[in-house]
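What follows is a set of notes on a single structure, which appears directly below.
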Amino acid sequence: QDYQAGSGSGEGGVYWATGASPSILASRLAYFLDLHGPCLPVDTACSSSLVALHLACESLRTGQCEAALVGGVHLNLWLANFAAFEQMGALSASGHCRAFDAAADGFVPAEGCVAVLVKPLAAAQAAGDTIHAVIRSTATNNDGRTNGLTAPNPAAQRDVILEAWSAGGIDPETISYVEAHGTGTPLGDPVEARGLSEA
1 QDYQAGSGSG EGGVYWATGA SPSILASRLA YFLDLHGPCL PVDTACSSSL
51 VALHLACESL RTGQCEAALV GGVHLNLWLA NFAAFEQMGA LSASGHCRAF
101 DAAADGFVPA EGCVAVLVKP LAAAQAAGDT IHAVIRSTAT NNDGRTNGLT
151 APNPAAQRDV ILEAWSAGGI DPETISYVEA HGTGTPLGDP VEARGLSEA
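Residues in the sequence shown are numbered from 1 upward in steps of one, following the numbering used here.
Quick look at the structure:
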(Lines of atoms letter the chains of each structure in order from A and count residues from 1; the text may use other names and numbers.)
(Lines give C-alpha, C1' and ligand atoms only; values in the text may rest on other atoms or scores of the structure.)
Protein backbone atom coordinates (compact mmCIF):
# COMPACT_ATOMS: atom_id res chain seq x y z
CA GLN A 1 0.00 0.00 0.00
CA ASP A 2 2.91 2.34 0.65
CA TYR A 3 4.14 1.68 -2.89
CA GLN A 4 0.70 2.31 -4.34
CA ALA A 5 0.18 5.50 -2.35
CA GLY A 6 3.62 6.89 -3.11
CA SER A 7 3.67 6.07 -6.82
CA GLY A 8 1.17 8.62 -8.04
CA SER A 9 -2.31 8.07 -9.36
CA GLY A 10 -1.97 5.26 -11.85
CA GLU A 11 0.71 6.45 -14.26
CA GLY A 12 1.85 2.84 -14.57
CA GLY A 13 -0.71 2.15 -17.29
CA VAL A 14 -2.33 -1.22 -17.78
CA TYR A 15 -0.13 -2.97 -15.21
CA TRP A 16 -1.06 -0.57 -12.43
CA ALA A 17 -4.36 -2.27 -11.57
CA THR A 18 -2.81 -5.69 -11.05
CA GLY A 19 0.68 -4.63 -10.06
CA ALA A 20 -0.11 -2.28 -7.19
CA SER A 21 -3.56 -3.33 -6.00
CA PRO A 22 -3.53 -4.55 -2.37
CA SER A 23 -5.84 -7.39 -3.38
CA ILE A 24 -3.36 -8.88 -5.86
CA LEU A 25 -0.49 -9.72 -3.50
CA ALA A 26 -1.87 -13.04 -2.25
CA SER A 27 -3.35 -13.87 -5.65
CA ARG A 28 -0.02 -13.37 -7.39
CA LEU A 29 1.61 -15.87 -5.03
CA ALA A 30 -1.23 -18.37 -5.51
CA TYR A 31 -0.90 -17.95 -9.28
CA PHE A 32 2.86 -18.50 -9.20
CA LEU A 33 2.64 -21.57 -6.91
CA ASP A 34 -0.62 -22.91 -8.46
CA LEU A 35 -2.45 -22.87 -5.12
CA HIS A 36 -6.23 -23.37 -5.04
CA GLY A 37 -7.39 -22.90 -1.44
CA PRO A 38 -8.61 -19.73 0.27
CA CYS A 39 -6.45 -16.82 -0.85
CA LEU A 40 -6.77 -13.34 0.58
CA PRO A 41 -4.74 -10.37 1.73
CA VAL A 42 -5.30 -9.22 5.30
CA ASP A 43 -4.90 -5.64 6.48
CA THR A 44 -5.59 -5.16 10.18
CA ALA A 45 -2.64 -2.82 10.77
CA CYS A 46 -0.15 -4.18 13.31
CA SER A 47 -2.04 -7.46 13.74
CA SER A 48 -2.26 -8.38 10.04
CA SER A 49 0.13 -11.34 10.13
CA LEU A 50 -1.45 -12.79 13.26
CA VAL A 51 -4.97 -12.41 11.86
CA ALA A 52 -3.79 -14.11 8.65
CA LEU A 53 -2.40 -16.95 10.77
CA HIS A 54 -5.72 -17.19 12.64
CA LEU A 55 -7.64 -17.41 9.35
CA ALA A 56 -5.24 -20.07 8.07
CA CYS A 57 -5.74 -22.14 11.23
CA GLU A 58 -9.51 -21.82 10.84
CA SER A 59 -9.26 -23.00 7.21
CA LEU A 60 -7.21 -26.01 8.32
CA ARG A 61 -9.61 -26.76 11.16
CA THR A 62 -12.65 -26.73 8.86
CA GLY A 63 -10.96 -28.74 6.12
CA GLN A 64 -10.88 -25.97 3.51
CA CYS A 65 -7.23 -26.76 2.88
CA GLU A 66 -4.57 -29.32 3.81
CA ALA A 67 -1.81 -26.77 4.38
CA ALA A 68 -1.58 -22.99 4.43
CA LEU A 69 1.14 -20.56 3.48
CA VAL A 70 0.93 -17.47 5.69
CA GLY A 71 3.02 -14.41 4.99
CA GLY A 72 3.39 -10.90 6.24
CA VAL A 73 5.46 -7.95 5.11
CA HIS A 74 5.95 -4.37 6.25
CA LEU A 75 8.04 -1.87 4.32
CA ASN A 76 8.47 1.83 5.04
CA LEU A 77 8.16 3.31 1.56
CA TRP A 78 5.89 6.29 2.07
CA LEU A 79 7.26 9.22 4.07
CA ALA A 80 3.77 10.58 4.75
CA ASN A 81 3.26 7.68 7.18
CA PHE A 82 6.20 8.90 9.27
CA ALA A 83 4.78 12.42 9.32
CA ALA A 84 1.38 11.16 10.46
CA PHE A 85 2.84 9.04 13.26
CA GLU A 86 5.05 11.96 14.32
CA GLN A 87 2.02 14.26 14.53
CA MET A 88 0.22 11.64 16.64
CA GLY A 89 3.17 11.56 19.04
CA ALA A 90 3.64 7.84 18.42
CA LEU A 91 7.24 7.92 17.14
CA SER A 92 10.08 7.74 19.63
CA ALA A 93 11.94 11.04 19.82
CA SER A 94 14.91 9.25 21.41
CA GLY A 95 15.10 6.65 18.65
CA HIS A 96 14.68 3.76 21.09
CA CYS A 97 11.64 1.58 21.68
CA ARG A 98 11.27 1.00 25.41
CA ALA A 99 8.05 -0.96 25.67
CA PHE A 100 6.55 -1.15 29.18
CA ASP A 101 9.25 1.20 30.51
CA ALA A 102 8.70 4.49 32.35
CA ALA A 103 11.09 6.10 29.86
CA ALA A 104 9.11 4.92 26.83
CA ASP A 105 8.42 7.70 24.34
CA GLY A 106 7.00 5.85 21.33
CA PHE A 107 7.97 3.25 18.79
CA VAL A 108 10.72 3.06 16.19
CA PRO A 109 9.54 2.07 12.69
CA ALA A 110 11.11 -1.04 11.25
CA GLU A 111 10.71 -3.30 8.26
CA GLY A 112 10.35 -7.03 8.06
CA CYS A 113 8.77 -10.00 6.35
CA VAL A 114 7.90 -13.53 7.35
CA ALA A 115 6.35 -16.62 5.78
CA VAL A 116 5.35 -19.87 7.48
CA LEU A 117 3.83 -23.10 6.23
CA VAL A 118 1.09 -24.31 8.57
CA LYS A 119 -0.26 -27.87 8.62
CA PRO A 120 -2.24 -30.03 11.01
CA LEU A 121 0.23 -31.58 13.47
CA ALA A 122 -0.52 -35.17 12.42
CA ALA A 123 0.05 -34.31 8.75
CA ALA A 124 3.35 -32.58 9.50
CA GLN A 125 4.53 -35.54 11.57
CA ALA A 126 3.50 -38.04 8.88
CA ALA A 127 5.41 -36.06 6.25
CA GLY A 128 8.52 -35.89 8.42
CA ASP A 129 8.43 -32.10 8.37
CA THR A 130 10.63 -30.08 10.69
CA ILE A 131 8.18 -28.68 13.24
CA HIS A 132 9.20 -25.33 14.70
CA ALA A 133 6.10 -24.70 16.80
CA VAL A 134 2.67 -26.09 17.64
CA ILE A 135 -0.28 -23.70 17.58
CA ARG A 136 -2.72 -24.86 20.23
CA SER A 137 -5.35 -22.24 19.46
CA THR A 138 -5.95 -18.80 18.01
CA ALA A 139 -8.53 -16.09 18.59
CA THR A 140 -9.32 -12.66 17.27
CA ASN A 141 -11.71 -9.87 18.20
CA ASN A 142 -12.08 -6.09 17.97
CA ASP A 143 -12.02 -3.26 20.48
CA GLY A 144 -15.48 -2.00 19.60
CA ARG A 145 -16.29 1.52 20.75
CA THR A 146 -13.59 3.15 22.89
CA ASN A 147 -12.67 6.77 23.59
CA GLY A 148 -11.19 6.99 20.09
CA LEU A 149 -10.95 4.97 16.88
CA THR A 150 -7.35 3.92 17.55
CA ALA A 151 -7.61 3.73 21.36
CA PRO A 152 -7.13 0.16 22.63
CA ASN A 153 -9.64 -1.57 24.89
CA PRO A 154 -8.21 -3.55 27.84
CA ALA A 155 -11.39 -5.60 28.26
CA ALA A 156 -11.30 -6.67 24.61
CA GLN A 157 -7.63 -7.60 24.93
CA ARG A 158 -8.37 -9.61 28.07
CA ASP A 159 -11.29 -11.36 26.39
CA VAL A 160 -9.36 -12.44 23.29
CA ILE A 161 -6.56 -13.85 25.45
CA LEU A 162 -9.06 -15.79 27.57
CA GLU A 163 -10.78 -17.05 24.43
CA ALA A 164 -7.51 -18.36 22.99
CA TRP A 165 -6.55 -20.04 26.27
CA SER A 166 -9.98 -21.64 26.57
CA ALA A 167 -9.99 -22.89 22.97
CA GLY A 168 -6.57 -24.48 23.45
CA GLY A 169 -7.25 -25.90 26.90
CA ILE A 170 -4.34 -23.86 28.21
CA ASP A 171 -3.87 -23.28 31.93
CA PRO A 172 -2.74 -19.64 32.38
CA GLU A 173 -0.46 -20.79 35.22
CA THR A 174 1.67 -22.61 32.63
CA ILE A 175 2.38 -19.46 30.58
CA SER A 176 6.05 -18.52 30.88
CA TYR A 177 6.46 -16.11 27.96
CA VAL A 178 4.22 -13.49 26.34
CA GLU A 179 4.91 -11.77 23.02
CA ALA A 180 3.19 -8.38 23.30
CA HIS A 181 2.39 -5.54 20.94
CA GLY A 182 4.50 -3.23 23.10
CA THR A 183 4.24 0.06 21.22
CA GLY A 184 6.09 2.01 23.87
CA THR A 185 3.36 4.65 23.82
CA PRO A 186 1.68 6.27 26.85
CA LEU A 187 -1.73 5.00 25.72
CA GLY A 188 -0.89 1.57 24.32
CA ASP A 189 1.43 0.07 26.93
CA PRO A 190 -0.70 0.60 30.06
CA VAL A 191 -3.81 -0.72 28.31
CA GLU A 192 -1.98 -3.79 27.04
CA ALA A 193 -0.43 -4.44 30.45
CA ARG A 194 -3.87 -4.18 32.04
CA GLY A 195 -5.40 -6.58 29.52
CA LEU A 196 -2.63 -9.11 30.12
CA SER A 197 -2.82 -8.83 33.90
CA GLU A 198 -6.61 -9.15 33.95
CA ALA A 199 -6.40 -12.29 31.80
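Yeah, the Cβ is synthetic: ideal placement off N, Cα and C, and Gly gets one too. Remember, predicted model here, so these are calculated numbers, not experimental data.
Assigned exposure category for residue i - 16 Cβ within 10 Å defines buried
i    : result
I131 : exposed
P22  : exposed
Q87  : exposed
H54  : buried
Q125 : exposed
E173 : exposed
G188 : buried
G195 : buried
S94  : exposed
I161 : buried
A52  : buried
A45  : exposed
A83  : exposed
A104 : buried
Assumed close pair residue i, residue j - CB separation to whole angstroms, cut-off 8 Å
i    : j    : result
P154 : E111 : With a Cβ gap of about 29 Å, P154 and E111 do not count as contacting.
L69  : A115 : 7 Å
G106 : A90  : 5 Å
N147 : A156 : About 13 Å separates the two Cβ atoms, so there is no contact after all.
G72  : S92  : The Cβ separation is near 23 Å, so there is no contact.
P152 : E192 : 7 Å
L60  : V14  : Actually they are not in contact, since the Cβ atoms of L60 and V14 sit about 37 Å apart, beyond 8 Å.
Bridge partner(s) assigned by DSSP for residue i
i   : result
F32 : For F32, which the question treats as bridged, DSSP gives no partner whatsoever.
Contact between the region 96-107 and the region 174-185 is defined here as three or more beta-carbon pairs at a separation below 8 Å; is this criterion met?
yes
Would the region 160-174 and the region 136-150 be scored as touching if the rule is three or more Cβ pairs under 8 Å?
yes
Mind pulling the alpha helix (DSSP H) runs of 4 or more residues that sit fully within the region 50-77?
Every candidate alpha helix (DSSP H) stretch fails here, since none sits fully inside the region 50-77 while reaching 4 residues.
Which full runs of the alpha helix (DSSP H) of 4+ residues lie inside the region 70-147, going along the chain?
79-88, 121-126
How do the region 55-68 and the region 34-42 stand: do at least 3 beta-carbon pairs fall below 8 Å, yes or no?
The region 55-68 vs the region 34-42: in contact.
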